[in-house]
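Chains as they are written, first to last, in UniProt numbering: chain X, 1 to 518; chain E, 1 to 518.
All residues carry an ideal CB built from backbone N, CA and C; glycine is no exception.
Encoded as structure tokens, the structure appears first; notes follow it.
Here is the structure:
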């Protein structure tokens, strides 16, 4: 569904009218709701397994660790009635699980999570080991203080307590939330409203290089009507969050050539064209003063309807606080707000250099000037599309583009010489319609539990790049990313943690989803 | 005479008409001419002393070496009838010498040369020691082959032979040429047409930091009607060369501030203004596509008349060969030719940096971007004038200029934040009218000997920066720089050398100058 945004949303919005799109997100009464107390109880009953799971190292550089996780998870799913099947992946298997009672009349949802974790540097952790989870509460000074793990199993659990350990949030927490939600359904005697399939990736933290191959090999097994990806952090407000895509990443490099060798700036200043100034002029012309890319066609494929704009404007981003934290007075004017800005491909100068600044500066005309760009791509504007536009733009500014270093003949012939290269960083953008069937189902599942006041946070496209495209491309079904963990979970870093209130709400979310009619 | 160009030349050109300026440079019959054979003979007679002088180390970091040079030179000038006076300079004296027979009715010319030399790295020299001069001729393969020094004293001396040794060209050669020219006058029974004073600087290779102070202390002793500076290389064609000024050097630095810290380019690309792009836009707007500075007023003080343009166009620069050597197809269009380009102040980006390029590149929005500039100044457009114009220009582009790093309050208040600093590099521009009395006298002295076909090379302003301003400022008289040594003398480097044909012509030049009526 990588390129699904523009055609579908445009058609849908046209068909149903702008107010119609909004009405698609009204809650319906069918989803079952897990009461907070019941969720708390089921969560608490699952914490022993959660701590067990966190104690198994899961950096995918160690295949034997991945296999230990898979074996542990296989028994945890089986215990709950799932059929399971490790999916071979060069010694680092992924795990497939399917809930019993599949019905042809029901839609099938594939839940994606990952069992692997980021590498650790144990010395940076404020606990004995990242693989020995600990329970902490916030002290009077705002520091995290360890408390006895026994607190987790007797009496009330404070939702603000946190479990610290690698993958507590990313992404073992959500796996356990799903299992606890199953337990809750069983306890309530409730049947799921959809057929439930689960796939647990084993190399997500390496950019999911193998998920496509594994899914391709098991297309029939994984067949579904939509995917739900439980990964990443919720919106900073901790409101229920639905995400429909993310930008991809591409890189590009421009080198503008000057004289063959650096020249004395006294003898040649005002005579020999300065490549740093030329690069500056070239780059400077690529954006206008408001920060919008001026290269023709750069934003041409992005189509946003009024309904989508309204949903984006409703995301409770505190831009005033954001700007203060970043230290800027004004944002670029690419979009009307932060969310809207992220719908467009970006052109970012991530590095620039000519000769030296500081101690090593010398009075020379540099021989070349370089700029490293990164382009965040969108489903309809990929690396090839954007790279070609930039290349054409550079040529149109009078540059003759060379491969490598210009020859003497090229130097004699062309006034302006540059090289330009671009390529995807291997992570493409992904996008799925905000009103796809699975999106409507997810909205109902979430609002059936948490209501619509306030509305869930709906994010059309995250600015950053995660391997969603790799995950969703093979099956080519619509998807929704539904993060469940607290935004301040120290994901990827030391002292990763999960807020237990999020664990409980995650169980409620999954219960709501699985029992919502599709 | 630092600022003498514009007012005088403009007035003069107006008074005499444009063709009048040209006629000022017609040769007159009064200068005595030293025949090549006689010059060759006097040169040869002086070579023993020349080699002696070259054998005394003269890096001014060693005051005792400077004193040894001064003592040697004092006897050499006295032997020829000069009165001499070491001028105290913190242990590194300069030497003043005056030729006897001063007449109040005659104009007085002060000849400037320097006795100190650049530091040496003996291992880089293709001879035993930089302080043991050797004689070489060009071999069949174009290599320099040592030949017996005895060749210098018996039989004909090939003008293409060269003496290799530190300061052979820069600047002991010209000192000895002057002494040999005195010998030639004595041998011919000729009287000089001007009163002759000489000052030998002892710290020129350190940028003449002390010359101003020493000259100030001896203003009356040094009083003169004009200065002749024998230093630096002749035009590459080896034609007689008259130079009337050189640009100065100033430095400036622009820092454009972005977010407080580097930010994730996925989350913030398209939202947080990129300081590298802003710096690029700012710098890029400072020059137009032809390379001309667009900052209002930058070139406003430069006034060139048609006569000067003709003189500059007549300089036999081989721009085609120059461009091929440099590796550019087209020069900037600041001036109609290379010489004209150097009449204007320059704005050169000597270094530029934001975050990293190459191995260390990261997907971030940089927190700042920096550009180091060097500005070549002209007598009427000094560092303060140009720096202020750039500062005003930056402010006019909407930047709030801060000292150091912006505060949170400044960040909240101003969209565009930058810092800008500038300062002279301690070397100011110098310029003297091309038609000053001493310039006319010098032209006559040179053309009286070498004729006007071809014309001497007249350079209004060198692009590079040498300490002329320091040398001429105290006396505030017009000056001409008359280099005498071959352009390929390896000045400042290993294997410095002097072409003996230049030595002989230097003797003829000085003879012609000293006998030309002022």
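Could you check what DSSP says for residue i in three-state terms: helix, strand or coil?
| i | result |
| --- | --- |
| residue 504 of chain X | helix |
| residue 267 of chain E | helix |
| residue 233 of chain E | strand |
| residue 81 of chain X | coil |
| residue 227 of chain E | strand |
| residue 482 of chain E | coil |
| residue 34 of chain E | coil |
| residue 304 of chain X | coil |
| residue 157 of chain E | coil |
| residue 196 of chain X | strand |
| residue 294 of chain X | coil |
| residue 287 of chain X | strand |
| residue 109 of chain E | strand |
| residue 393 of chain X | helix |
| residue 511 of chain X | helix |
| residue 47 of chain E | helix |
| residue 191 of chain E | coil |
| residue 174 of chain X | helix |
| residue 408 of chain X | helix |
| residue 128 of chain X | coil |
| residue 29 of chain E | Because residue 29 of chain E sits at a pLDDT of 47, beneath the cut-off of 50, its placement in the model cannot be relied upon, and the point is left open. |
| residue 186 of chain X | helix |
| residue 215 of chain E | helix |
Based on the DSSP secondary-structure assignment, which residues constitute the bridge partners of residue i?
| i | result |
| --- | --- |
| residue 499 of chain X | X/162 |
| residue 117 of chain E | E/59 |
| residue 201 of chain X | X/114 |
| residue 94 of chain E | E/87 |
| residue 242 of chain E | E/458 |
| residue 254 of chain E | E/371 and E/420 |
| residue 427 of chain E | E/249 |
| residue 135 of chain X | X/147 and X/163 |
| residue 400 of chain E | E/417 |
Report all residues from its chain with a CB closer than 8 Å to the CB of residue i; omit the five preceding and five following residues, and keep chain order.
| i | result |
| --- | --- |
| residue 403 of chain X | 419 |
| residue 366 of chain E | 258, 262, 274, 275, 276, 354 and 355 |
| residue 138 of chain E | 144, 145 and 160 |
| residue 322 of chain X | 338 |
| residue 72 of chain X | 52, 53 and 56 |
| residue 319 of chain X | 331, 337 and 338 |
| residue 368 of chain X | 255, 256, 257, 258, 275 and 354 |
Mind reading off the beta-carbon distance from residue i to residue j? Whole number of angstroms is fine, and I expect it under 8 Å.
| i | j | result |
| --- | --- | --- |
| residue 37 of chain X | residue 501 of chain X | Not a contact, Cβ separation roughly 14 Å. |
| residue 495 of chain X | residue 126 of chain X | 6 Å |
| residue 205 of chain E | residue 117 of chain E | 6 Å |
| residue 221 of chain E | residue 111 of chain E | With a Cβ gap of about 14 Å, residue 221 of chain E and residue 111 of chain E do not count as contacting. |
| residue 148 of chain E | residue 438 of chain E | About 42 Å; that fails the 8 Å criterion. |
| residue 386 of chain E | residue 280 of chain X | With a Cβ gap of about 19 Å, residue 386 of chain E and residue 280 of chain X do not count as contacting. |
Closer than 6 Å by C-beta to residue i: which residues in its own chain qualify, once you throw out the five before and the five after it? Chain order, please.
| i | result |
| --- | --- |
| residue 458 of chain X | 242 and 311 |
| residue 400 of chain E | 414 and 417 |
| residue 504 of chain X | 39, 40 and 43 |
| residue 265 of chain X | 363, 364 and 365 |
| residue 175 of chain E | 113 |
| residue 83 of chain E | 98 |
| residue 6 of chain E | Low confidence applies to residue 6 of chain E: its pLDDT is 32, below 50, so where it sits in the model is not reliable enough to give any reading. |
| residue 133 of chain X | 51, 54, 163 and 165 |
Output needed for residue i: all residues of its chain with C-beta closer than 7 Å, excluding positions within five of it in sequence on either side, in chain order.
| i | result |
| --- | --- |
| residue 123 of chain E | none |
| residue 89 of chain E | 202, 210 and 214 |
| residue 455 of chain X | 314 |
| residue 190 of chain X | 32 and 515 |
Exercise. Where are the alpha helix (DSSP H) runs, 4 residues long or more, that stay fully inside the stretch 309–388 of chain E, in chain order?
Worked result: 319–326 and 338–341
For this session: For the stretch 436–474 of chain E, list the alpha helix (DSSP H) runs that are entirely contained and at least 4 residues long, ordered along the chain.
Result: 437–450 and 468–472
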